[in-house]
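Single-structure report; data block below.
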Amino acid sequence: MPGASKIATCCYCGTRAALVLRGDSRHELSCSSCGAPLHELKSIPLQKQRVEREVAYRSASAKAQRKTAEKPRKKLKNKRKFAKKIFEEAFDFIEDIFD
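Given below as structure tokens:
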């Protein structure tokens, strides 16, 4: 990873330094304040470039097509209608008995 930016943290004093690693050679890194070896390297997160997208608007015809493409709803059966008729007939019959 040529040109990679990393943060190095000193194991002894905790000093942090930003490093830009170039080339293929390997060498021991040491802290500038205390001289202890730097072992913990973390990558610096790159800032994401914001890409502006074009806004796609739906046309009026797209809305009309979507409405026509909807599934028709299943018609629910009215079960209470049958029970209501039976209840009314029974009530009329009982009412006729008392009259």
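Number 914 marks the last residue of the sequence shown (the working numbering); no jumps.
Quick reminder that beta carbons are idealized off the backbone N, C-alpha and C, glycines included.
Only a predicted model underlies this, so the values are computations on that prediction, with no experimental measurement involved.
Nearest CA to the CA of residue 856: which residue from 825, 891, 910? Walking along the sequence shown from the start, residue 856 turns up at place 41. That would be 825, whose Cα lies nearest to the Cα of residue 856.
In the DSSP output, which residue or residues are listed as bridge partners for residue 853? The count along the sequence shown starts at 1 and reaches residue 853 at position 38. Residue pairing for residue 853: DSSP places it in a beta bridge opposite 825.
Return the chain-ordered list of same chain residues with a C-beta closer than 6 Å to the C-beta of residue 816, the five sequence neighbours on each side being excluded. In the sequence shown, residue 816 corresponds to position 1, counting from 1. Low confidence applies here, because residue 816 scores a pLDDT of 48, under 50, leaving its location unreliable; read the following figure in that light. In its own chain, leaving out the 5 sequence neighbours on each side, no residue places its CB closer than 6 Å to the CB of residue 816.
Once the 5 residues before and after residue 827 are set aside, which same chain residues still bring their CB inside 8 Å of it? Stepping through the sequence shown from its first residue, residue 827 is reached at position 12. Exclusion of the five residues before and after residue 827 leaves 846, 849, 851 as the residues of its chain whose Cβ lies within less than 8 Å of its Cβ.
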